[in-house]
Amino acid sequence: MTHFKVPGMSCGHCTSTITKAIMAVDPAAQVGCDTGTRMIEVESVLGAPALLEVIQGEGYDAQIMAGA
Numbered sequence: 180m181t182h183f184k185v186p187g188m189s190c191g192h193c194t195s196t197i198t199k200a201i202m203a204v205d206p207a208a209q210v211g212c213d214t215g216t217r218m219i220e221v222e223s224v225l226g227a228p229a230l231l232e233v234i235q236g237e238g239y240d241a242q243i244m245a246g247a
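My numbering applies: residue 180 is where the sequence shown begins, and numbers increase by one.
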């Protein structure tokens, strides 16, 4: 499980956009988004750097959370 902090993720549209982008590159991924904490957790065959690139490609500033 990889965790990301996404400060600009504030609504359902944001979570939908990010989830759809991740699912487009890994249809089997499991994505959980929490707008309250602005955190995303992803279970995917893709590594953290690739997932970060997908999230940032949608225009969101994101950081990989180590040890989360």
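We treat Cβ as the ideally placed atom computed from N, Cα and C, and that holds for glycine.
Straight-line CA distance for F183 to D205? Position 4 of the sequence shown holds residue 183. Position 26 of the sequence shown holds residue 205. If you take the alpha carbons of F183 and D205, they lie about 17 Å apart.
Tell me which residue opens and which closes the beta strand (DSSP E) that T181 is part of. Numbered from 1 along the sequence shown, position 2 holds the residue referred to as residue 181. For T181, the uninterrupted beta strand (DSSP E) run begins and ends at T181 to K184, by DSSP.
Helix, strand or coil at G191 according to DSSP, with G and I counted as helix: Along the sequence shown, one-based indexing puts residue 191 at 12. If DSSP states are grouped into helix, strand and coil, G191 belongs with the helices.
Taking 8 Å as the limit between beta carbons, can you name the residues of its chain near E237, skipping five residues before and five after? Walking along the sequence shown from the start, residue 237 turns up at place 58. The residues are T196, I197 and A200.
Sorted by chain position, which residues of the same chain lie with C-beta nearer than 8 Å to I234's C-beta, five sequence neighbours on each side aside? Walking along the sequence shown from the start, residue 234 turns up at place 55. Excluding positions up to five away in sequence, the list reads F183, V185, I197, A200, I201, I219 and A241.
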